[in-house]
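J.: What follows is a single structure, and I will ask about it in a moment.
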Amino acid sequence: MPAVFEYHVTVSDEAIDGQGHVNNLEYVRWMQQAAVAHSSAQGWTADRYRQMGAGWVVRSHKIEYLQAAFSGDRIVIYTWVSDMRKVRSLRKYKMIRLGDGATLATAETDWAFFAFAHRVPRRIPSELIASFELVTEDREP
C-alpha cells in the first residue's frame, strides 16, 4: 500500500455553512474519515482494533485553512503518518480541490494509542508500526 493515502470527497450541500462555503467542522470529519480509511487499507480495521482491545484517540488537531471549498467541489485528501513514538503518532493531511489543484487546507492530528478497558495509553504494537511507512517532510505530496 502507498505511504500517502488518497481519500476522495465531493462537497455536499449539507456541508455548507451560513457563509456559503464548507463549514470548518467538515474538514475535521474528512480528516477522521481519511485516517480510518487509510488504517483499514493497511489492514487495521475497526474490528481488528476492537479484538485487540485498543485503538486511537485524538490528542489534538491543527488545521490551516488556505482557500474555501464549495458545494459540488471534488476534493482529494492526502494523508500519511509522519511519526510514531511509544504511544503517539502524528498524521498529516493535505486537502486539494481537483478542479483547479488549489490547496484548501493543510492539517495534522496527534493521536494516542489507548487501551479501551482501562482508558490509559498503551505502547503501539510493533506489527501496527510496521504496517505504515513513515513519510518525512521531503516526501510529502
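Last residue of the sequence shown? That's 378 in this note's numbering, and every number before it is there in order. Ideal placement from N, C-alpha and C gives every residue a C-beta, glycine not left out. Note that the structure is a prediction, hence the values are computed from the model and not measured.
Could you tell me which residues DSSP pairs with W267 in its beta bridges?
T.: For W267, which the question treats as bridged, DSSP gives no partner whatsoever.
J.: Is E364 helix, strand or coil when you go by DSSP?
T.: DSSP places E364 in helix when its eight states are reduced to three.
J.: Which whole-angstrom value describes the C-beta separation of S308 and S363, a residue pair presumed to lie in contact below a C-beta threshold of 8 Å?
T.: The Cβ separation is near 44 Å, so there is no contact.
J.: For A352, I'd like the list of residues in its chain whose CB is within less than 7 Å of its CB, leaving aside the five on either flank, ordered along the chain.
T.: Answer for A352: G290, A291, R359, listed in chain order.
J.: Measure from the alpha carbon of I312 to the alpha carbon of each residue in L341, D320, H275, then state which is nearest.
T.: Of the candidates L341, D320, H275, the one whose C-alpha sits nearest the C-alpha of I312 is L341.
J.: Bridge partners for T346 per DSSP, in chain order?
T.: Paired residues: H298, R328.
J.: Classify H355: buried if its beta carbon has 16 or more other beta carbons within 10 angstroms, exposed otherwise.
T.: With fewer than 16 Cβ atoms within 10 Å of its Cβ, H355 is classed as exposed.
J.: Within a Cβ cutoff of 6 Å, which residues of the same chain sit near I333, ignoring the five residues on either side of it in sequence?
T.: Closer than 6 Å at the Cβ level, and outside the excluded window around I333, lie V313, T340.
J.: Measuring only the C-alpha atoms, how far is D320 from A240?
T.: Rounded to the nearest angstrom, the two C-alpha atoms are 12 Å apart.
J.: Using CA coordinates, which residue listed in K331, A349, T346, S326 is at the minimum distance from E370?
T.: Ranking K331, A349, T346, S326 by Cα distance to E370 puts S326 first.
J.: Please classify W272 as buried or exposed, where buried requires at least 16 other C-beta atoms within 10 Å of its C-beta.
T.: The amino acid occupying residue 272 in the given sequence is Ala; Trp does not appear at that position. Buried, by the Cβ-count rule.
J.: Would you call V259 buried or exposed, if buried means 16 or more other Cβ atoms sit within 10 Å of its Cβ?
T.: By the 10 Å Cβ count, V259 comes out buried.
J.: Whose C-beta lies closer than 6 Å to the C-beta of V246 among residues of the same chain, with five residues either side of it excluded?
T.: So the list reads W267, I312, once near-sequence residues are dropped.
J.: Does DSSP classify L262 as helix, strand or coil?
T.: Three-state result, L262: helix.
J.: Is the distance from the Cβ of Q270 to the Cβ of Y244 below 8 Å?
T.: For Q270 and Y244, yes; Cβs fall inside 8 Å.
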